[in-house]
Amino acid sequence: MSSMIKIFPLFLVFLLAGCLGDPYRRAAPVVETTPPPAPVVSSTPTPPPAPAQEEDVQIAAYQPPVQVRPEPVTSAAVMSLQQKANEQQQVGDLVGAASNLERALRIEPRNAHLWNQLAHVRLSQQQFGQAADLAAKSNSLAGADRWLRRDNWQLIAKARRQTGDLGGARTAEQKAASLR
Amino acid sequence: MGSTRRGKTGQKRRASKKNRRPSGFRRLLRRLLLLLLVFGGLGSGLYLLYLNHTVQVKFEGKRWAVPARVYGRALELYPGASLGPDELVQELTRLGYRKQSHAKQEGSYARNRNRFHVRTRPFVFWDGKEPARFLDLQFQGEQLTSMADGNGRPISLVRLEPPAVGSIYPAHNEDRALIKRDEIPEQLVNALLAVEDRAFFGHHGLHFKGIARALWANLRAGGVVQGGSTLTQQLVKNFFLTQERSLQRKVNEAFMALLLERHYGKDEILEAYTNEIYLGQDGRRAIHGFGLASQFYFNRPLVELDLSQLALLAGLVRGPSYYNPRRHTERARERRDLVLRLMVEQGFITQAQANKAKRAGLGVTNTKGHGRGGYPAFMELVRKQLHRDYREEDLTSEGLRIFTTLDPRVQLQAEQALTQRLKALEKGKRLTAGTLEAATVVANSVDGEVLAVVGGRRARFAGFNRALDAVRPIGSLVKPVVYLSALMRPDRYTLITPLEDKPLRLTGADGKQWAPQNYDHRSHGVVPLQDGLVYSYNLATVGLGMEIGLDQVANVLHNLGVRREFEPYPSMLLGAVSLSPLEVTQVYQTLAAGGFYSPLRAIREVLTAEDKPLQRYPLTVHEAAPAGPVYLLNQALQDVVRRGTGRSLARYLSPALNVAGKTGTTDDLRDSWFAGFSGDKVAVVWVGRDDNKPAGLSGASGAMQVWGDLMRRLRPRPLNLPQPESVEMVWIDPQSGLRADGSCSGARLLPFIKGSAPRENAPCAAGAVESFIRNPLRIFFE
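Each protein sequence line maps, in turn, to chains E and A. For the first sequence, our numbering assigns the number 12 to the initial residue and increments by one for each residue that follows. For the second sequence, our numbering assigns the number 12 to the initial residue and increments by one for each residue that follows.
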């Protein structure tokens, strides 16, 4: 019981912390800009060109059969968002970059490169815990992409070092080194 | 002589005295009058000053408390998107797009089977403006296959405007959406002038000729058909004064109208008028201003309305309830036609234009536009999350624009699945219709965005929100937590660790002896660990949980996202923990995301009324449970559906989807639960009774039916679990639980945390030559 009493204020603190959530902060000044890794782009078949149309012309009833494509690794939609996020990262609009990456993740939630890029954005914003978690998420989806996994571990090492977790940072560096 | 003179003068004097007396009175009167005039003038001067002050302060300051406007998710269009043509039509209808033979106007579309031309409206998002566009879309089955602009150039990605799903209006229930002067269609201005105040641009606030004309018209008609008040007077009446009818109010109104005109231009007054005027009632919500009225009656922005619709709105000013076009169609039509006739009379439109407009239907939608609170359960979640960061008055008055995660399509499907399945369940169980209640939450499994919340059967009506507030024992939904706790110790537990499913006795919450039972009241002897979960064996689970320790299980449950505090009693292992469907969704979201916890979010962004970004609620992840054990657990949860308590889901979902899930049932069949996830969505369903009496449904026979129907409608992505680094796949002989090879019949490929798989070979694994051939084949077929 007494342990409950001891725990209770702690619980309250957690509860409050949970309630407050992350207050939104403007983009922190860019500390470092790590160039995001180039995405592995599957050859995206371009959609069949639509016949040129006058705006007032009745729509053609005939449609050429279209192949239903399997989901590509990185679709053109996601690439355009990634591109935008890249540009925003370069000019220090990290909030905007994060917003576009999240939008891309809603389209391709299992794209490990997007998670990695978002981790880099958070690292630039000095959100070290979040950066490391995002990199870990990227790793969980990276599969055999050694380059990406190494980059994630390097990022985790940096984030851990910043939070004073030197042991954890070394472990992460070793992981990264093993992926060379 | 002298006397006469004297006399005369005396007379005169007398006379003058006589005269003087009244003149003295007059003087007094004059003085009094002067005094009255001075004081009266001063008084009325002061009063005028006061009125002047009132007019200016209110007009200069923030004129209206503008409710926060809440939007659902914007539909993303891109080649490859999982979207059927009919779903696009639904979305466009929701947004008030008009179907035309040619999409010429913003907010319209044309369709020819699987091909669409769409003219989108521009919209300001968090990250900037999405311009109006022309889109040429093609579908193949339930997929958007190509998207191009008017010249055939491919477009990779477009967002439609987000559907407005509600507003947070203040206690006095006035709802409005502000428009600016340049957004007021000229034909609306003309219609208002024609019917309400033809001299508006000429008068100084009052118009006596107008009053006389109105009087005459009314006399002739034998009733009130025209008002004599100018638009300015009407604005003043609505804006500053009460609704009482008194001479004093009328005088105030006149003076204030004059003052208003003195200080402000006609355009400013017109803009205020169009935003202020009361135009309809939606339950307790009062519809103010033409901006909102346009949405309310036509579900479209004001700029898109045609002459007939604008005339209808202008006609409503006189009596929104009397001329209510939804209730009194004929009256409303006559009123509209009158407005049109007056417009012709005053030269605003031609007779031909009027005739064309008169031929049009009223065009009023059934949906009453947005903001009407069609999603009360979801909105409650939004409010709860907003109240962490905003004061109520900011939400109801600052005109904030709130972008939420609500997916109206998912919401609709969830509501329909729930009501239809409940009806069927009641019929099957011969229960009185309406006995059962239910709730469901659907979220994006990857990022924790809440897509739909259904708080009960009558989903469109606010009431007890079971999804958030029905805190019920979760039964076997807790079991995955017990098994995850075990699998997190790979030195002791794997998916095939033998468990004893045998009767046991424990000290329960109340200090009494507790003897848990299996659902079928039988013991199943020694079973592999995963089967304890797959078949939801209570005895095996309690035994396992006691071995691991209650604190450890409680810890893992907290890590997965449960904030609620509870006492770790043994009965917890069978779900004596009470949680809301929303809380359960959080737990299963963390599992679905491979152990990465993302707090469930209903809001993405908040913008000010001027479209300035105010706040973002970013996607966050936290590694709450190690990926390896979660992967093993999720495989077992897939087995629940493949061969365990959830196998009848095959009625609804293709086995190829590999969905994972868990049934939950509580004592005496009071609560029926199902929680599970596909590759993209996590959903939780609760079915039970509000009076907590037994509903007679197990998790599988009740909630799972709703879940299956719901998921089927959502076309979920298959669940392909990415195998973590820490996991290896090993062939196991089920008989011995040892390593198998191709010569073992019935061997299964199972995941293990690296190093935890049995090292010994099964007796059957003799390394025969044929295994060399069969093994790869098995891998192929598995």
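Glycine is no exception: its CB is placed at the ideal position from the N, C-alpha and C atoms.
Gln-646 of chain A and Val-652 of chain A have their C-alpha atoms spaced approximately 10 Å apart. Boundaries of the alpha helix (DSSP H) around His-124 of chain E: 123 to 135. For the pair Leu-571 of chain A and Tyr-642 of chain A, the Cα-to-Cα distance works out to about 14 Å. Excluding its 5 nearest sequence neighbours in each direction, Val-696 of chain A has C-beta neighbours in its own chain below 6 Å: Thr-451, Phe-685, Ala-714, Val-717 and Trp-718, listed in chain order. Counting only runs of 3 or more residues that sit fully inside the segment 466 to 519 of chain A, the beta strand (DSSP E) segments are 509 to 512, in chain order. Residue contact check for Leu-630 of chain A against chain E: a CB pair falls below 8 Å.
Close CB contacts of Trp-126 of chain E within its chain, under the 8 Å cut and outside five residues either way in sequence, are with Leu-116, Leu-145, Ala-146, Lys-148, Ser-149 and Leu-152 (chain order).
The beta carbons of Val-588 of chain A and Ile-485 of chain A sit closer together than 8 Å. Nearest to Thr-376 of chain A by C-alpha distance, out of A:Arg-109, A:Leu-749, A:Thr-243 and A:Thr-65, is A:Arg-109. As the crow flies, the alpha-carbon of Gln-563 of chain A is around 9 Å from that of Ala-497 of chain A.
Membership of His-274 of chain A in the alpha helix (DSSP H) is indicated by the continuous run 258 to 274.
A contact between stretches requires three or more CB pairs, one per stretch, nearer than 8 Å, and the segment 718 to 736 of chain A meets this requirement with the segment 676 to 694 of chain A. Not a single CB atom of chain A sits nearer than 8 Å to the CB of Val-102 of chain E. When DSSP states are grouped into helix, strand and coil, Leu-189 of chain A belongs to the coil group.
Under the Cβ criterion of 8 Å, Leu-159 of chain E is not counted among the residues facing chain A. With fewer than 16 other Cβ atoms inside 10 Å of its own Cβ, His-532 of chain A counts as exposed.
Looking at the backbone, the Cα of Gln-306 of chain A and that of Asn-201 of chain A are separated by about 20 Å. By the Cβ neighbour-count rule, His-218 of chain A is buried, with 16 or more other Cβ atoms within 10 Å of its own.
Taking CB atoms only, Pro-133 of chain A has no neighbour in chain E less than 8 Å away. Here Leu-106 of chain A has Leu-171, Glu-172 and Pro-174 as same chain residues with Cβ atoms under 7 Å from its own Cβ, once five neighbours each way along the sequence are excluded. Taking 8 Å as the upper bound for CB-CB distance, Gly-326 of chain A and Arg-352 of chain A are not in contact here, some 11 Å apart.
Below the 7 Å Cβ cutoff, chain E contributes Ser-151 as neighbours of Ala-638 of chain A, in chain order. Within a 10 Å sphere around the beta-carbon of Asp-278 of chain A sit fewer than 16 other beta-carbons, which makes this residue exposed. Comparing alpha-carbon positions, the option among E:Ser-135, E:Glu-119 and E:Ala-155 lying closest to Leu-166 of chain E turns out to be E:Ser-135.
For Ser-110 of chain E, the closest Cβ of chain A is nearer than 8 Å.
The beta carbon of Pro-637 of chain A sits closer than 7 Å to those of Met-499 and Gly-606, all from its chain and outside the five residues before and after it, given in chain order.
Per DSSP, reduced to three states, the secondary structure at Val-564 of chain A is helical. For Val-738 of chain A, the pairing in a beta bridge is given by DSSP as A:Ile-764. For the C-beta of Pro-174 of chain A, not a single chain E residue is nearer than 7 Å; the gap to the nearest is close to 17 Å.
Contact annotation for Asp-691 of chain A against chain E: Pro-120 [CB-CB distance below 9 Å, chain order]. For Lys-148 of chain E, the closest Cβ of chain A is nearer than 8 Å. When CB distances to chain E are screened at a threshold of 9 Å, not a single residue of the segment 528 to 544 of chain A falls below it. Distance between Gly-95 of chain A and Gln-528 of chain A, taken at the CA atoms: about 48 Å. Within the segment 116 to 174 of chain A, the beta strand (DSSP E) runs of at least 3 residues that lie entirely inside it are, in chain order, 119 to 123, 126 to 130, 134 to 136, 139 to 141, 145 to 151 and 154 to 159. Taking C-beta atoms as the reference points, Pro-419 of chain A and Leu-517 of chain A fail to come closer than 8 Å. The C-beta of Asp-138 of chain A comes closer than 8 Å to at least one C-beta of chain E.
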